[in-house]
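Protein chains in written order, with the numbering used here: chain P, 1 to 108; chain E, 1 to 259.
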C-alpha cells in the first residue's frame with residue numbers, strides 16, 4: 001500500500017489547524033478589520049465554486065479547452081437540487097444518474 | 001442557589017442539560033446520516049485521484065477538512081503542486097477562524113491542552129451542533145462537544161474508507177461517478193451561501209477561474225478564482241441576512257456543509 005499522500009494530509013492539517021485553534025487559544029480575531037473577517041467568510045464559497053467550475057468546464061489536457069457536454073449540465077442539476085433540498089447527497093445523486101443515463105443511452 | 005444547579009455561569013438544571021443533550025444527539029444523528037454517504041463520495045473521488053486507502057484514512061483523520069479534502073483530491077488528480085494544495089486548503093478553511101472565535105467564550109474555563117485537542121475537531125458540523133447546544137444551556141459542556149465532534153468524525157472516516165473500497169470494483173465513468181466531484185464542489189459552495197455577498201464571491205470566482213484557467217492552466221485559474229472571488233463579494237452591499245448576523249458568530253449550514 002502506498003503512503004505517498006499521507007504527508008499531504010499533514011500539510012493540509014498544518015494550514016487548517018491554526019484557523020481552528022488560534023482564536024480558542026489566543027482570543028482576539030474579533031479585533032480584525034470587518035472587511036478582513038468578511039473576506040475570510042467569503043473565501044470558502046469562492047474557492048469551492050472555482051474548483052467546481054474548473055473541474056466541469058475545463059478539459060484536463062494542456063493547455064485546457066472549454067468543455068461543453070453533459071457534465072456541466074449535471075453539475076447545474078446538482079446545484080438546483082441542493083438549492084431546493086439544502087442537502088448535498090440528493091444533488092450529487094441526481095447529477096450522477098443523469099450522466100450515467102445519458103451515457104448509457106449513447107447521448108454523451 | 002439551588003444545589004440542583006450546575007456550574008456558576010450556566011444556571012441550568014440537570015433536567016435541562018439532559019434535554020439539551022437529547023436534542024443534540026437527535027441533531028447529531030441527522031448529521032451522521034448524511035456524513036456517511038458523502039464520505040462515500042469522497043472515497044470515490046480519492047480513488048480517481050489515485051490515493052491509496054492509507055492516504056484516504058490519513059486525509060479524513062488528520063486533515064479532517066471535507067470540502068478541502070475534495071479540493072485536494074481534484075488538485076492531486078490535475079497534478080497541482082502541494083504548495084497550491086496548501087494554499088487552497090488554507091483559503092477554504094479560513095472560515096474556521098470565525099467558528100473558533102465564536103466558541104472561544106465557552107471554552108475559556110478549560111486548560112490550553114484540552115482546547116488544543118478540541119480544536120482539531122472543530123469542523124462546520126461540530127461548530128453548528130456544539131454552539132447551538134452551548135447557547136441552549138448557557139455554558140460549556142464537555143460531553144456535548146465530543147458528541148458533536150464524533151457525529152461527523154466517525155461516519156466521515158468510515159464512509160471515506162468504504163467509498164474507496166467499493167468504488168474500486170466499478171467502472172467509474174460508465175456509472176457517471178466522475179461527475180460526483182465537481183457536483184459535490186458546486187453543492188458544497190451553495191451550502192455555504194447565506195446572502196448575496198456569498199453568491200457574488202462564488203460567481204466572481206468562477207468568472208476569474210475559467211478564463212485564467214484556459215490561458216494559464218487549471219490550477220492557476222483555480223487559485224486565482226479562490227483568491228480574487230471574495231473581492232466580488234466585498235464589492236456588493238450585504239443583504240439583510242448578512243447584515244443581521246455578526247461576522248464573529250457565523251451560522252454554517254449543518255445539512256449542506258462538510259467537515
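Here a beta-carbon is modelled for each residue, glycine too, at the ideal position from N, C-alpha and C.
Remember, predicted model here, so these are calculated numbers, not experimental data.
- request: Using three-state DSSP, classify residue 57(P) as helix, strand or coil.
  value: helix
- prompt: What do you get for residue 20(E), buried or exposed, if any count of 16 or more other CB atoms within 10 angstroms of its CB means buried?
  reply: buried
- prompt: Apart from the five residues just before and just after residue 103(E), which ones in its own chain have a Cβ nearer than 8 Å to its Cβ?
  reply: 122, 127, 130, 131, 134
Continuous alpha helix (DSSP H) stretch holding residue 71(P): start and end: 70-85
task: Please decide whether residue 84(P) counts as near chain E, where near means a Cβ-Cβ distance under 8 Å.
output: no
- prompt: Which residues in the same chain as residue 108(P) place their Cβ atom closer than 8 Å to its Cβ, once the five residues preceding and following it in sequence are excluded?
  reply: 69, 70, 99, 102
query: Does the Cβ of residue 171(E) have 16 or more other Cβ atoms within 10 Å, making it buried, or fewer, making it exposed?
result: exposed
- request: Return helix, strand or coil for residue 67(P), following the three-state DSSP convention.
  value: coil
query: Which whole-angstrom value describes the C-beta separation of residue 45(P) and residue 202(E), a residue pair presumed to lie in contact below a C-beta threshold of 8 Å?
result: 5 Å
- prompt: Can you tell me the Cα-Cα spacing of residue 25(P) and residue 114(E), whole angstroms?
  reply: 10 Å
- prompt: Given a threshold of 16 other Cβ atoms within 10 Å of its Cβ, counted over all protein chains shown, does residue 1(P) qualify as buried or as exposed?
  reply: exposed
First and last residue of the uninterrupted alpha helix (DSSP H) at residue 137(E): 124-137
Buried or exposed (CB count within 10 angstroms, at least 16 for buried), residue 33(P): exposed
query: chain P beta carbons: is any one of them nearer than 8 Å to that of residue 55(E)?
result: yes
Short Cβ contact (8 Å threshold) for residue 84(E) with residue 219(E): yes
- request: Measure from the C-beta of residue 33(P) to each C-beta in chain E and report whether the shortest distance is under 8 Å.
  value: no
Inside the stretch 147-218 of chain E only - alpha helix (DSSP H) runs reaching at least 4 residues: 180-191, 196-216
query: Between residue 51(E) and residue 107(E), what straight-line distance do the alpha-carbon atoms span, to the nearest angstrom?
result: 37 Å
Contact belief for residue 265(E) with residue 156(E) at Cβ below 8 Å, rounded distance in angstroms: Outside the shown range of chain E, which is 1 to 259, sits residue 265(E), and nothing can be said about it.
task: Could you tell me whether any Cβ in chain P is nearer than 8 Å to the Cβ of residue 133(E)?
output: no
- prompt: How many Å lie between residue 27(P) and residue 105(E) at the Cα?
  reply: 9 Å
- prompt: Just curious, the alpha helix (DSSP H) that residue 115(E) is in, first and last residue?
  reply: 112-119
query: Within 8 Å (strictly less), CB to CB, does residue 44(P) reach chain E?
result: yes
query: Contact check, residue 234(E) vs residue 35(P) under 8 Å by CB: the rounded distance?
result: 6 Å
Per-residue contacts from residue 82(E) into chain P (C-beta, under 7 Å): 8, 11
task: Anything in chain A within Cβ reach of residue 107(E), meaning under 9 Å, just list it in chain order.
output: In the structure shown, chain A does not exist; the protein chains are P and E.
message: I want to verify the contact list: residues of chain P whose CB lies under 8 Å from the CB of residue 112(E), in sequence order.
response: 25
- prompt: Can at least three beta-carbon pairs, one atom from the stretch 223-230 of chain E and one from the stretch 13-30 of chain E, be found at a separation below 8 Å?
  reply: no
Contacts of residue 91(P) in chain E (Cβ-Cβ under 7 Å): 183, 187
query: Apart from the five residues just before and just after residue 28(E), which ones in its own chain have a Cβ nearer than 7 Å to its Cβ?
result: 129, 147, 148, 151
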